[in-house]
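**Student:** In terms of this note's numbering, the sequence shown is residues 818 to 1038.
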Amino acid sequence: MLSDAAIPDREVAVARGRWPGWLARYRTNHPDTVAAATATEVRLDSPDGARAVVSVPFPPLDPDAGTTGDAALDALTRHIARDHRFGVLLVRRGGHAVGVFEGDRLVVSKIGGGYVQGRTKAGGWSQQRYARRRANQTRQVYEAAAELAVRLLLPETDRLEALVTGGHREGVEAVLADQRLAALRRLVRPGLVPTADPRLRVLEEVGTAALAVSVTLNALA
818 MLSDAAIPDR EVAVARGRWP GWLARYRTNH PDTVAAATAT EVRLDSPDGA
868 RAVVSVPFPP LDPDAGTTGD AALDALTRHI ARDHRFGVLL VRRGGHAVGV
918 FEGDRLVVSK IGGGYVQGRT KAGGWSQQRY ARRRANQTRQ VYEAAAELAV
968 RLLLPETDRL EALVTGGHRE GVEAVLADQR LAALRRLVRP GLVPTADPRL
1018 RVLEEVGTAA LAVSVTLNAL A
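1. Measuring alpha carbon to alpha carbon, tell me which residue in Leu1037, Pro864, Thr894, Leu906 is nearest Pro876.
2. What does DSSP give as the partner residues of Thr982 in its beta bridges?
3. Please report the distance separating the alpha-carbon of Trp836 from that of Arg950.
4. Answer yes or no: do Gly984 and Val908 have a C-beta to C-beta separation smaller than 9 angstroms?
5. Evaluate the contact criterion for the stretch 987–1006 versus the stretch 960–974: three or more CB pairs, one atom per stretch, below 8 angstroms.
6. Using the beta-carbon count (16 or more within 10 Å), is Thr1012 buried or exposed?
7. Hey, would you say the C-beta of Arg827 is under 8 angstroms away from at least one heavy atom of the ligand MG?
8. Taking Cβ positions, are Gly911 and Ala961 nearer each other than 9 angstroms?
9. Measuring alpha carbon to alpha carbon, tell me which of Val915, Thr955, Gly904, Arg986 ends up nearest Arg976.
10. By Cβ distance, which residues of its chain are closer than 6 angstroms to Ala869, with the 5 residues on each side in sequence left out?
11. Mind checking Val851: buried by the 16 CB within 10 Å criterion, or exposed?
12. Just list the residues that DSSP pairs Thr1033 with in beta bridges.
13. Using CA coordinates, which residue listed in Arg986, Arg827, Val873 is at the minimum distance from Tyr959?
14. Which of the three DSSP states, helix, strand or coil, is assigned to Arg997?
15. Which same chain residues end up closer than 7 angstroms to Asp865 when comparing Cβ atoms and leaving out the 5 residues on each side of it in sequence?
16. Leaving out five residues on either side along the sequence, give the residues of the same chain with a beta carbon under 7 angstroms from the beta carbon of Arg936.
17. Considering only residues of the same chain and omitting the five flanking positions on each side of Lys938, which have a CB-CB separation below 8 angstroms?
18. Find out if the Cβ-Cβ distance for the pair Ser872, Val1030 is shorter than 9 angstroms.
19. Tell me which residues share the same chain as Ala832 and place their Cβ nearer than 7 angstroms to its Cβ, disregarding the 5 neighbours each side in the sequence.
Shown next as structure tokens:
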């Protein structure tokens, strides 16, 4: 049997609306929890050995709100409840989507279709023609996504707290390589969200998930 120290930490995602209840239950289950906050995370340590590390969504946490105890937890809860404004860029060969969210409200969005020919078993010149055609189709999809990002995201640059990306890494990187979008690169949130071909429903789901609170728990939590 593994000791508690040998059991790896686990990560949970707490929906924004469920955060107050989750925190209350955690503190009930682990009395005398002590909180310590930095700009990017809040650590909860309990006498029973339980530990939870909360990643601050859309950091930084207000540095003037208090860094320990109830003040830190109150500041974190207020921060989570805020309607953060962020962009979403989803790119796949089958399409792309761009949106701006304010909290869970989709303020502006546009979905773009795409078509990239499927793979072929043909060889020789046919294979080469197929490869060129597929490369051209892929490039056109990425260029269309970049134009959409320029139109919808670029004017929002100074108001956005983050840019959430998803789909194919190759596609997202190709779009953000557009020099017109250089100002957006610093806003990219770490981690690419895997998605199906972008549709409005997919865009909305990614936006909702972006608001969730990531908590890392040790074996005793």
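Built from N, CA and C at the ideal position, the CB exists for glycine as well.
Just so we're clear, the structure is a prediction, and the values are computed from it rather than from any experiment.
**Tutor:** Taking the definition as stated:
1. In the sequence shown, counting from the first residue as 1, residue 876 sits at position 59. Nearest of Leu1037, Pro864, Thr894, Leu906 to Pro876, Cα basis: Thr894.
2. Here residue 982 corresponds to residue number 165 of the sequence shown, with the count starting at 1. Answer is Leu906, bridged to Thr982.
3. Here the question's residue 836 lines up with position 19 in the sequence shown. Here the question's residue 950 lines up with position 133 in the sequence shown. Straight-line Cα distance between these residues: approximately 49 angstroms.
4. Numbered from 1 along the sequence shown, position 167 holds the residue referred to as residue 984. Numbered from 1 along the sequence shown, position 91 holds the residue referred to as residue 908. In contact: Gly984 and Val908 (Cβ atoms closer than 9 angstroms).
5. yes
6. For the purposes of this step, residue 1012 is taken as the residue at position 195 of the sequence shown. The residue is buried, with at least 16 neighbouring Cβ atoms inside 10 Å.
7. For the ligand MG, the structure offers nothing, since it holds no ligand at all.
8. Taking the first residue of the sequence shown as position 1, residue 911 is located at position 94. Taking the first residue of the sequence shown as position 1, residue 961 is located at position 144. No. Outside cutoff.
9. As a first step, residue 976 must be located in the sequence shown, where it is residue number 159. Among Val915, Thr955, Gly904, Arg986, the Cα nearest to that of Arg976 belongs to Gly904.
10. Within the sequence shown, numbered from 1, the residue matching residue 869 stands at position 52. Within the same chain, Ala869 has close Cβ partners Leu861, Val1032, Leu1034, Ala1038.
11. As a working note, residue 851 is residue 34 in the sequence shown. So Val851 ends up on the exposed side.
12. Here residue 1033 corresponds to residue number 216 of the sequence shown, with the count starting at 1. According to DSSP, Thr1033 bridges with Glu828, Val870.
13. As a first step, residue 959 is located in the sequence shown; it is residue number 142 there, counting from the start. Of the listed residues, the one whose Cα sits closest to Tyr959 is Arg986.
14. On the sequence shown, residue 997 is found 180 positions in, with the first residue counted as 1. Helix.
15. As a working note, residue 865 is residue 48 in the sequence shown. Closer than 7 angstroms at the Cβ level, and outside the excluded window around Asp865, lie His847, Leu1037.
16. By 1-based counting over the sequence shown, the position of residue 936 is 119. Low confidence applies to Arg936: its pLDDT is 49, below 50, so where it sits in the model is not reliable enough to give any reading.
17. To locate residue 938, count along the sequence shown from 1; it is residue 121. Note that Lys938 scores a pLDDT of 49, beneath 50, so its modelled location is shaky; the value from the coordinates is reported in the next line. Closer than 8 angstroms at the Cβ level, and outside the excluded window around Lys938, lies no residue.
18. The residue given as residue 872 occupies position 55 in the sequence shown. The residue given as residue 1030 occupies position 213 in the sequence shown. A contact, by the Cβ cut-off of 9 angstroms.
19. Here residue 832 refers to the residue found at position 15 when the sequence shown is read from its first residue. Hits under 7 angstroms: Ala1029.
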